[in-house]
Each structure stands twice: as C-alpha cells, then as structure tokens.
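First comes the structure, then the notes that go with it.
Numbering (my numbering), first residue to last: 1085 to 1208.
In structure tokens:
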C-alpha cells in the first residue's frame, strides 16, 4: 500500500527563514516610511537580518543533506539557494537609495518558492 505524501522534515526551517525575512522587510519598510524610528535600537534590524541569513543557510543545508523525503527537501533547498546572493550583497550596498531595498526584495521569490515547495506534499 502506498504511503500518503508528506511535507519535508526541513519545512520548519523554511518557515523560520521566511518569517525572519518577512519581519525584516516589515521593519525596513516601516523605517523607510518613517512609521517607526529605530535610531535608538538600530541593532534590531541587523539582528533580524542575521537570523534571516542563518535560518536560510540552515534550511538549505538541512534540505540538501539531512531531510526526508529526500527529493522534495532537495528541490526546496535548491529553490531557496539563489536567495543567498542578494542576502550576501545587502551589507555592501549602503542603506540610502534604491539598491538596498531592491536587492533585499530580490530574495523574496526564492524564499517563497522554497517555502511553498517544502510545505507542499511530495507527489511521486
């Protein structure tokens, strides 16, 4: 009898990466639109950025090497992997001007694709 499809074991890491990214984008947008002033706690945005990078890296590594079902986890990790490029470039672009937010948003499609793929049941 065939087993029912199941989501990737690494799915919680993909959810954590997407949640950290979403929180960082929300805070960055609030600061850019002057809804929130982070002059006294600028480190929060940096801490969430570090959490985003760490959870994204963990999701890719676990998805590629340690998770089951193997094919679905690997596919999700490979979809997420290109997000590393814009995330790595962000610290070098400065915070003023359009480059910072545009580069940050470039990671969004890859985070979303990895998340959806990790949560979707493996259909063989």
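Every residue gets a Cβ at the ideal spot worked out from N, C-alpha and C, and that includes glycine.
Own chain, CB closer than 8 Å to residue i, minus 5 neighbours either side, in chain order
{"i": "residue 1174", "result": "1133, 1184, 1187, 1188"}
{"i": "residue 1148", "result": "1157, 1158, 1161, 1162"}
Extent of the continuous alpha helix (DSSP H) to which residue i belongs
{"i": "residue 1182", "result": "Residue 1182 -> no alpha helix (DSSP H), and no H or E assigned at all."}
{"i": "residue 1154", "result": "1154–1164"}
{"i": "residue 1122", "result": "Looking at the DSSP string, residue 1122 is not in any alpha helix (DSSP H), and its letter there is neither H nor E."}
Option nearest residue i by Cα separation, candidates the options
{"i": "residue 1115", "options": "1103, 1159, 1129", "result": "1129"}
{"i": "residue 1194", "options": "1149, 1126, 1141", "result": "1141"}
{"i": "residue 1136", "options": "1106, 1180, 1120, 1161", "result": "1106"}
{"i": "residue 1096", "options": "1157, 1168, 1111", "result": "1157"}
{"i": "residue 1165", "options": "1178, 1191, 1155", "result": "1191"}
DSSP-derived helix/strand/coil call for residue i
{"i": "residue 1092", "result": "coil"}
{"i": "residue 1170", "result": "helix"}
{"i": "residue 1189", "result": "helix"}
{"i": "residue 1177", "result": "coil"}
Closer than 7 Å: residue i CB and nearest the ligand HEM heavy atom
{"i": "residue 1099", "result": "You won't find the ligand HEM in this model; it holds no ligand whatsoever."}
Same chain, Cβ closer than 6 Å to residue i, five either side skipped, listed in chain order
{"i": "residue 1093", "result": "1151, 1152"}
{"i": "residue 1199", "result": "1098, 1102"}
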